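The structure appears right after this line, and notes come after that.
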Amino acid sequence: MTEILGIDEAGRGPVIGSMFIGGFLVEESELGRLEELGLKDSKKLSDQARDRLRTEVDAYGETLLREVEAPVLDDKMEEVTINDVELEEFAALISRAQPEKVVIDLPEHDADVYEEKLLSRLDFDPEVTAEHGADAAYPIVSAASVVAKSARERHVERLHEKYGVDFDSGYPHDEATIEFLKGYVRSTGDLPDEARRQWSTSQRILRKARQQDLDGY
88 MTEILGIDEA
98 GRGPVIGSMF
108 IGGFLVEESE
118 LGRLEELGLK
128 DSKKLSDQAR
138 DRLRTEVDAY
148 GETLLREVEA
158 PVLDDKMEEV
168 TINDVELEEF
178 AALISRAQPE
188 KVVIDLPEHD
198 ADVYEEKLLS
208 RLDFDPEVTA
218 EHGADAAYPI
228 VSAASVVAKS
238 ARERHVERLH
248 EKYGVDFDSG
258 YPHDEATIEF
268 LKGYVRSTGD
278 LPDEARRQWS
288 TSQRILRKAR
298 QQDLDGY
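Be aware that the sequence shown starts at 88, since it is given in this note's numbering, and climbs by one per residue.
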């Protein structure tokens, strides 16, 4: 029996909230059945379609999930890049699943270098395929993408409820996200706990708020 693991992430770029690493583990003989679900990159799915597929994929294999909370991500990025953090999380997920084969949506330029770095962090030697666009080309990575993206969406919804504000997705390009952070800093003097302080967006908002305070004296 050969098991294959697909891996993808969600929430790599937002300025608010956790990053999630999703995995989907299945027997290679079951890949054909997985394709019949019509899986594709979760970023191209509607919320309703993603929620439906998230429920359906459980019948085909095992889902795995890792969460990297914003404060943990900030601490790690004092010394390494987000690519390094993601690599460590991918390795941890692979070590947990112990598959014979792994398929990954490649987050870097050079697949050979990336695969070498990944294997150096494992104590066994699975066959690794790392490709750009794997989340759309390989249904097993699409399934992992659905797992990760669904977890990220639920996480953001809980943050909306916690703060009583719909700040959209938490990405720096979302105006609602920026306005929420600005308003929170104005009212409290600091960023919310779930903001990523290492992000230039967070640092810029804090810097401007503090400058305005100084200008007010």
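From the three backbone atoms N, C-alpha and C, an ideal C-beta is built for every residue, glycine too.
Owing to the predicted nature of the structure, the values given are computational and were not obtained by experimental measurement.
Excluding sequence positions up to five away, which residues of its chain have a Cβ less than 7 Å from the Cβ of I227?
-> I91, G93, F111, V113, L118, L121, V190
Should F211 go down as buried or exposed, given a rule of 16 or more other Cβ atoms within 10 Å for buried?
-> exposed
Who are the Cβ neighbours of E143 in its own chain at under 8 Å, not counting the five residues just before and after it?
-> L124
In its own chain, which residues sit with a C-beta less than 7 Å from the C-beta of P101, not counting the 5 before and 5 after it?
-> S256, G257, Y258
Candidates D199, E240, E195, of which the one nearest G220 by Cα | E195
What span of residues does the beta strand (DSSP E) with D261 cover, start to end?
-> Counting along the chain, D261 falls outside any beta strand (DSSP E), and DSSP gives it neither H nor E.
May I have the straight-line CA-CA distance separating L206 from E176, to the nearest angstrom?
-> 13 Å
Would a C-beta distance cut-off of 9 Å place G109 and L151 closer than the cut-off?
-> yes
As assigned by DSSP and simplified to three states, the class of T89 | coil
Thinking C-beta only, is L174 closer than 9 Å to Y147?
-> no
Cβ shell of R239 (< 7 Å), same chain only, five flanking positions each side left out | A97, G98, F107
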